[in-house]
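The sequence shown lines up with residues -23 to -1, 1 to 323 when you count with mature numbering (1 follows the signal peptide of the UniProt record, and there is no 0). From the three backbone atoms N, C-alpha and C, an ideal C-beta is built for every residue, glycine too.
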Amino acid sequence: MENRTWSLRVTCFVFFFITSSSAEFLIRQVTESKDSSVLETEYNLKTNLGLTRVLRNQRPSSKIVTIGSFSVIRERSEPYESSVFEASGYKWRLILYMNGNKNDGGNNHVSLYVRIEDTESLPTGWEVDVDLKLFVHNARQRQYLTVSDETVKRYNQGYREWGYAQLIPLSTFHNPSQGYIVQDTCSFGAEIFIVKPVEQQERVTVVSNPPNNVFTWRLLRFSTLQNKFYNSPSFLVGDRYWRLETNPRGVGPGAPHLPFNLEAQGFRPNAVATTTWGAVNLRLRDQLGSNHRLGYSAAWYPIRPGYKVGLNIIYIRDLRGGYLVNDSIVLEAEMVMVSVTNIVPI
């Protein structure tokens, strides 16, 4: 029995070794069969420094610089400074190092920066926060390699230039199969968006038991009312007008119920119109005692008027005793919670 167990273990181990080796060989075959240029692109698109590199179809919105006869200046170390351009209300200039800014860790890379210009006209202590994206055109794929690090760049008197020392590796950029240099021409770009923090916020407050939150509606000559929905006068609770709704003949097949709905209307003047939270106690009052029929409803009411929420509170056949007195019923809404929205400073 022990020999049989030992033989089974050996067989399993050999099977596992062969399977693992085969899988490793298959992975190696698939990997090695890929186009080496594609592998290089995939690797470099996910390179270091926390930069994000993605290809997109849209051209940069702020500036594009196209350089022809690139081979003439390919080995130069001096930076190329573009003409001044305006974006987001400020003036800027692109600074391009064809062979990398070695003082900023750009060895073996193309380096690209954006410098703010004409700062003399800006007020003392100026600061400009920028969401910066830089681009390299890939003519082969007809797309733009978009490079960013997802951080906001703060330009000020001490930091007038921001960018990426390792925009793209020279090995990738110079490789003809990659498509960044076509017919001895290449293009770079920038996209500059000013990040201006908002100074106000929308604050939603849910108010419990707001003022004047109970509304009573008495329907007279109840037995003479038609088979249709009737609406109460509007009442204001919070920043919004509301009204009640019912059908004296009831709704539903078989034994009809008395529907009781709360309907949201418009807003008071100068109110901030938003979706409104409303929670309400609905009552059919017992006019001769305290045996009221109660219901509770809570919902988000859209901005548009006419949205209603409610319940079927009683069978029509049970409308007797204290609920129907002198041919009248009394419906009551108690708004226990309502949201109010204000625009306030941060």
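Cβ neighbours of Gly229 in the same chain (closer than 8 Å, five flanking residues each side left out): Asn289
At least 3 beta-carbon pairs within less than 8 Å: the stretch 263 to 274 vs the stretch 204 to 212: no
Beta-bridge partners of Asn319, as assigned by DSSP: Arg180
Alpha-carbon to alpha-carbon, Asn34 and Pro246: 46 Å
Cutoff 7 Å; reference Thr193; Cβ partners in own chain excluding five residues on either side: Val307 and Glu309
Contact the stretch 116 to 125 vs the stretch 34 to 48: 3+ CB pairs below 8 Å: yes
Assigned secondary structure, Val249 (DSSP; H/G/I helix, E/B strand, else coil): coil
Continuous beta strand (DSSP E) stretch holding Val228: start and end: That residue, Val228, is in no beta strand (DSSP E); it is neither H nor E in DSSP.
Distance between Val321 and Pro279 (C-alpha atoms, nearest Å): 22 Å
As assigned by DSSP and simplified to three states, the class of Ser185: strand
Terminal residues of the beta strand (DSSP E) in which Val124 lies: Gln120 to Ser125
Through-space distance from Pro210 to Trp277, alpha-carbon basis: 22 Å
Nearest-angstrom Cα separation, counted from Thr252 out to Leu213: 16 Å
Bridge-paired residues (DSSP) for Trp194: Leu308
Beta-carbon spacing of Gly140, Leu89 below 8 Å: yes
C-alpha gap between residue 374 and Glu168, whole angstroms: Not covered by the structure: residue 374. The range shown for the chain is -23 to 323.
Buried or exposed by the 16-neighbour rule on C-beta atoms within 10 Å, applied to Leu144: buried
Exposed unless 16 or more other CB atoms sit within 10 angstroms - verdict on Ser39: buried
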